[in-house]
Amino acid sequence: FADRMKNIGITNYLKISLQHALYLLHHGLLEDANRILTQAETWRYGEKSSSQEVLVNLIQAYKGLLQYYSWYKKKMELSKLDKDDYAYNTASQNMLIHSWKTSINLCTLIQIPGVWDPFVKSYIEMLEFYGDQDGAREVLNNYAYDEKFPSNPNAHVYLYNFLKREKAPREKLISVLKILYQIVPSHKLMLEFHRLLRKSDKE
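Residue numbering for the sequence shown follows the numbering used here, beginning at 36 and increasing consecutively.
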């Protein structure tokens, strides 16, 4: 049915393909979803419009999420293996392949102004895993502070949590939470904000 719909509404091929892939993802049919996304990624009809470009980027990003899922499974397998084991090296190489594919697919999308929370979180997890703290910090700073992006409290939450993991100075943590306070004064992180402010006042 979905294939017939794509061929009938040729100008909506990408949109229908994306909806079809999301349906398959929802039902756990990951290989089928990946096949649909791969077909849609290479599809062209007429001149490429800006709306088509956005859809292609989304299709590539969802492919990236599927690759992230494969990478994450490999990461879990890796955590159970001995580093001296041959299987560890094989799993590690497979992870590198998946991370490279994923980064290509996610990197383009998260540079386009929009709200891309699941894609950003996946990309950051991979960057941190491979020790690219500078790359992760740059992505999160752009996502939170670039004026071309819509206001998004989660962007500041991700940045704050990253800085906490990095053991950033208290002043830096406070500056991030101050902006979050302006967007969502009732956010649960405001308890931490209050605690950090009290510590600063005491000193």
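Cβ atoms here follow ideal geometry from the backbone N, Cα and C, with glycine treated the same way. Because the structure is a prediction, the values reported are computed rather than measured.
Inset, instruction - Look at the alpha carbon of LYS110 and the alpha carbon of GLN217, and state the distance between them as a whole number of angstroms. - result: 37 Å
Legend entry - Whole alpha helix (DSSP H) elements within the stretch 78-153, 4-residue minimum: 85-114 and 121-144
Inset, instruction - Go ahead and pull the three-state DSSP assignment for SER221. - result: coil
Inset, instruction - With distances taken Cα to Cα, identify the nearest neighbour of VAL211 among THR125, GLY170, LYS234 and TYR180. - result: TYR180
Legend entry - Neighbourhood of GLN183 by C-beta distance below 6 Å, restricted to the same chain and skipping five residues each side: Just to set this straight, residue 183 is Lys in the shown sequence, not Gln. So the qualifying residues of the chain are PRO148.
Legend entry - Three-state secondary structure (DSSP) of ALA203: coil
Inset, instruction - Could you check if PHE36 is buried or exposed, using at least 16 other CB atoms within 10 Å of its CB as the buried criterion? - result: With a pLDDT of 45 at PHE36, under the threshold of 50, the modelled position of that residue is not reliable, and no figure is offered here.
Inset, instruction - Determine, using beta carbons only, whether ALA96 and PHE154 come nearer to each other than 8 Å. - result: yes
Inset, instruction - Compute the beta-carbon to beta-carbon distance between ILE214 and LEU231, rounded to the nearest angstrom, for a pair I have assumed lies under 8 Å. - result: Not really, about 14 Å apart at Cβ, beyond 8 Å.
Inset, instruction - Tell me whether PHE197 sits in a helix, a strand or coil according to DSSP, three-state version. - result: helix
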